[in-house]
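Below is one structure; the comments refer to it alone.
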Amino acid sequence: MPAPRIEGQGRMPHITYLPDDRRVETGPDESILETSLAAGIPHAYACAAKARCSTCRVVVAAGAEHCSERTEAESVLATRLRFADNIRLACQTRVVGDVTVRRPVLDDVDIAVTSQLGKDVLPDHVGEEKRIAILFADISGYTSFVESLPPYDVVHALNRYFYLMHAVVEESGGYVSDYVGDGLLAFFGVDDESTAASDAVAAGIAMFGAVERLNAYLDPMYGRTFRIRVGVHYGEAVVGTIGIGDIRKLAAFGDAVNYASRVETTNKEVGTDFLISDAAREQLDGRAELGRVVVTELRGRPGEHVLHEVLGLADADGPATSDDE
Ligand code: FES
């Protein structure tokens with residue numbers, strides 16, 4: 035394809051890259067990807083600019099009329115992935131006037147997030163009664179986070195958050211059952227009841243470490259950070275795989291699930307980040323460092339309930355540690 039003609043006399047076009055808002059001059063023979071890389075702007079390009087991976091894709095927020103026509107290779111991928119007109123492969127696109135583009139895929143984690151979406155393989159579990167640990171997590175200040183960012187960035191940040199949380203849960207032997215808004219529900223002990231509570235507590239602690247790492251990414255990018263609250267309960271529930279086709283999930287039913295939710299929401303009322311029920315504590319066998327003991331009423335439950343603040347994991351050979359230390 036011939037080099038695009040530069041519009042205007044003696045002025046080179048500029049590309050503004052979002053979300054970091056960097057404005058860079060580009061040349062007639064440089065792709066959007068080559069320009070970002072030359073300027074030291076992080077930009078994923080997993081297939082080395084061969085129009086095969088789509089990780090270099092950008093959303094053209096302004097100046098779409100200044101972009102070159104799709105190359106044949108880009109057209110093939112754009113058709114297969116049903117790209118809207120304003121989604122372009124940065125490795126295939128050059129510009130003849132000023133444009134503003136947003137990179138949705140910024141680094142290796144984003145590449146993994148993109149390739150993982152919708153690809154979970156869930157083993158079949160017929161409904162059966164089990165003693166499991168149930169973990170709820172939610173994001174403190176979620177509403178103000180959502181209101182402070184464009185919806186596109188909210189989706190991006192949440193996808194990254196849930197990707198990291200999902201990885202933590204799986205590494206700890208659990209299953210993510212549900213995402214509801216900013217909330218996450220996970221089960222432990224489905225395959226091995228003996229370590230259910232300690233696996234759930236280990237996962238909860240690892241989540242705080244993962245959020246620290248996530249914040250190191252979000253803060254410079256959006257000027258916002260996440261803080262999470264976690265609750266764990268141990269009890270009896272009926273566990274099974276429900277749903278049809280691709281829309282299937284591991285679900286648990288029973289009073290223990292509702293109780294776990296109440297434990298998690300109590301964090302907000304008493305100013306803690308991680309609470310577990312007394313039933314969960316009994317299963318830990320000293321494998322966690324505990325802090326405050328909270329005696330409280332739980333909504334919809336008669337009487338008083340004893341909850342425990344979790345500070346970190348207890349190491350058999352030394353003092354308790356938290357994951358992010
Ligand atoms: S780098 Fe793979 S499609 Fe552009």
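Residue numbering for the sequence shown follows the working numbering, beginning at 35 and increasing consecutively.
Ideal placement from N, C-alpha and C gives every residue a C-beta, glycine not left out.
Fair warning: this is a prediction, and the values are worked out from it, not measured in the lab.
Residue i: first and last residue of the uninterrupted beta strand (DSSP E) it sits in
| i | result |
| --- | --- |
| Ile262 | Arg261 to Ile278 |
| Leu52 | His48 to Leu52 |
| Ser311 | Phe308 to Ser311 |
Bridge partners - residue i, DSSP secondary structure assignment
| i | result |
| --- | --- |
| Tyr209 | Phe221 |
| His339 | Thr330 |
| Ile75 | Looking at the DSSP assignment, Ile75 forms no beta bridge with any residue, so it has no partner. |
| Asp172 | Arg263 |
| Cys101 | Val129 |
| Val214 | Gly217 |
| Arg282 | Gly277 |
| Gly346 | Glu323 |
| Ile166 | Gly269 |
| Glu59 | His48 |
| Val94 | Val135 |
| Phe287 | Val272 |
N-terminal and C-terminal residue of the alpha helix (DSSP H) that residue i is part of
| i | result |
| --- | --- |
| Arg121 | What sits at residue 121 in the sequence shown is Ile, not Arg. First-last for Ile121: Ile121 to Leu123, but that is the beta strand (DSSP E), not the alpha helix (DSSP H). |
| Leu252 | Ala230 to Tyr256 |
| Glu108 | Glu106 to Arg114 |
Close Cβ partners of residue i (< 7 Å) along its chain, the five nearest in sequence each way excluded
| i | result |
| --- | --- |
| Arg39 | Reliability fails at Arg39, whose pLDDT of 41 lies under 50, so the model's placement of it is uncertain and no value is given. |
| Leu248 | Arg194, Tyr195, Leu198 and Phe260 |
| His200 | Val210 |
| Ala348 | Gly320, Arg321, Ala322, Glu323 and Ala354 |
| Leu390 | Missing from the structure shown is residue 390; the chain here goes from 35 to 359 and no further. |
Contact set for residue i: own chain, Cβ-Cβ below 8 Å, skip 5 residues either direction
| i | result |
| --- | --- |
| Ala124 | Ser65, Ile66, Leu67, Ser70, His77, Tyr79, Cys90, Arg91, Val92, Val135 and Arg137 |
| Met46 | Ile40, Glu59, Thr60 and Gly61 |
| Asp15 | The structure shown has nothing for residue 15, since the chain only spans 35 to 359. |
| Leu183 | Ala191, Tyr256 and Arg258 |
| Gly288 | Gly269, Glu270, Ala271 and Val272 |
| Thr330 | Thr300, Glu303, Val304, Glu338, His339 and Leu341 |
CB contact check: residue i to chain B, cutoff 8 Å
| i | result |
| --- | --- |
| His48 | The chain labelled as chain B is not found in the depicted structure, where only one protein chain is given. |
Contact set for residue i: own chain, Cβ-Cβ below 6 Å, skip 5 residues either direction
| i | result |
| --- | --- |
| Thr105 | Gln126 |
| Gly217 | Asp172 |
Shell residues, 7 Å Cβ cut-off relative to heavy atoms of the ligand FES: Selection around the ligand FES by beta-carbon proximity, strictly under 7 Å to any non-hydrogen atom, yields Leu67, Tyr79, Ala80, Cys81, Ala82, Ala83, Lys84, Ala85, Arg86, Cys87, Ser88, Thr89, Cys90, Leu111, Leu123, Ala124, Cys125 and Gln126 in chain order.
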